[in-house]
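S.K.: Pasting a structure here, questions to come.
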Amino acid sequence: DGGITQSPKYLFRKEGQNVTLSCEQNLNHDAMYWYRQDPGQGLRLIYYSQIVNDFQKGDIAEGYSVSREKKESFPLTVTSAQKNPTAFYLCASSINLAASYEQYFGPGTRLTVT
Amino acid sequence: GQNIDQPTEMTATEGAIVQINCTYQTSGFNGLFWYQQHAGEAPTFLSYNVLDGLEEKGRFSSFLSRSKGYSYLLLKELQMKDSASYLCAVRDGPGGFKTIFGAGTRLFVKA
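As you go down the protein sequences, you meet chains A and B in turn.
Using the working numbering, you'd call the opening residue of the first sequence number 66 and step up by one each time.
Using the working numbering, you'd call the opening residue of the second sequence number 11 and step up by one each time.
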């Protein structure tokens, strides 16, 4: 079955620690995205990548970093510089950037930082 | 600025029809789409409108008026499983790909 996986589903960290959220897809999609979802707000774009070894900042990239060493994988690191990291994080992919109207989302990771 | 407005919550009865409205103000426009998101789960794609008019897909229909910056999602023959959030999103344009999401409308379907 093709799809996107994110792990873990729930993640707890202490303030000041970096944490990496994984995202893997076997859909053979070129484009991948990371969003953050907070209560009462729409999804906000953190980073996106249109091809291996390329990625671009979205609207709220500060305090986050990504890598795209393989087509299938697009991990997101939440650094200690991110002032309000507790949120629901969603990874998505699409065939390419032009087809971003139809994104396939992973199940999400709910990160809690105390 | 970029803004997408949709009602926060709606309640409807099983078997009825409900219309969820969305208005948008964006610097560009390259399509509008709707996603469904059950609580704690990932959004799933429902529909995509790039031209004015109505797109029908089973029990779900989506309408777009670009001149009015307006769309609606129509759900017919409501079922309990339709209880979810419905996200309106606009892709920036021209030729853009960046997607701006609304905060979503939580729909409660009651028996």
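Ideal Cβ positions, reconstructed from N, Cα and C, are used throughout, including at glycine.
Distance cutoff 8 Å, beta carbons only. Does leucine 64(B) sit that close to anything in chain A?
M.R.: Output row for leucine 64(B): interface = no.
S.K.: Cβ of glutamate 167(A) less than 8 Å from any chain B Cβ?
M.R.: At least one chain B Cβ lies under 8 Å of glutamate 167(A).
S.K.: Measure how close the beta-carbons of glycine 171(A) and glutamine 106(A) come, nearest whole angstrom, since I'm counting them as under 8 Å.
M.R.: About 19 Å separates the two Cβ atoms, so there is no contact after all.
S.K.: Can we say the stretch 133-145 of chain A touches the stretch 161-171 of chain A, given the rule of at least three CB pairs closer than 8 Å?
M.R.: Verdict: no, contact absent.
S.K.: Of all the alpha helix (DSSP H) runs that stay within the bounds of the stretch 27-113 of chain B, which reach a length of 4 or more residues?
M.R.: Here no run is fully enclosed.
S.K.: Looking only at its own chain, which residues have a Cβ that is under 8 Å from the Cβ of glutamine 121(A), when we skip the five neighbours before and after it?
M.R.: Once the five neighbours on either side are set aside, the close Cβ partners of glutamine 121(A) are Tyr112, Tyr113, Ser114 and Gln115.
S.K.: Would you check if there are 3 or more beta carbon pairs closer than 8 Å linking the stretch 28-36 of chain B to the stretch 69-87 of chain A?
M.R.: Cβ pair count under 8 Å is below three, so no.
S.K.: Does the separation of the CB atoms of arginine 101(A) and isoleucine 69(A) fall below 8 Å?
M.R.: In this structure, isoleucine 69(A) does not lie closer than 8 Å to arginine 101(A) by Cβ.
S.K.: Could you check if serine 72(B) is buried or exposed, using at least 16 other CB atoms within 10 Å of its CB as the buried criterion?
M.R.: It counts as buried.
S.K.: In its own chain, which residues sit with a C-beta less than 8 Å from the C-beta of lysine 79(A), not counting the 5 before and 5 after it?
M.R.: Hits under 8 Å: Val178 and Thr179.
S.K.: On the three-state DSSP scale, how would you describe leucine 162(A)?
M.R.: Helix, per DSSP.
S.K.: Check this for me: beta carbons of isoleucine 30(B) and glutamine 16(B), under 8 Å apart or not?
M.R.: In contact: isoleucine 30(B) and glutamine 16(B) (Cβ atoms closer than 8 Å).
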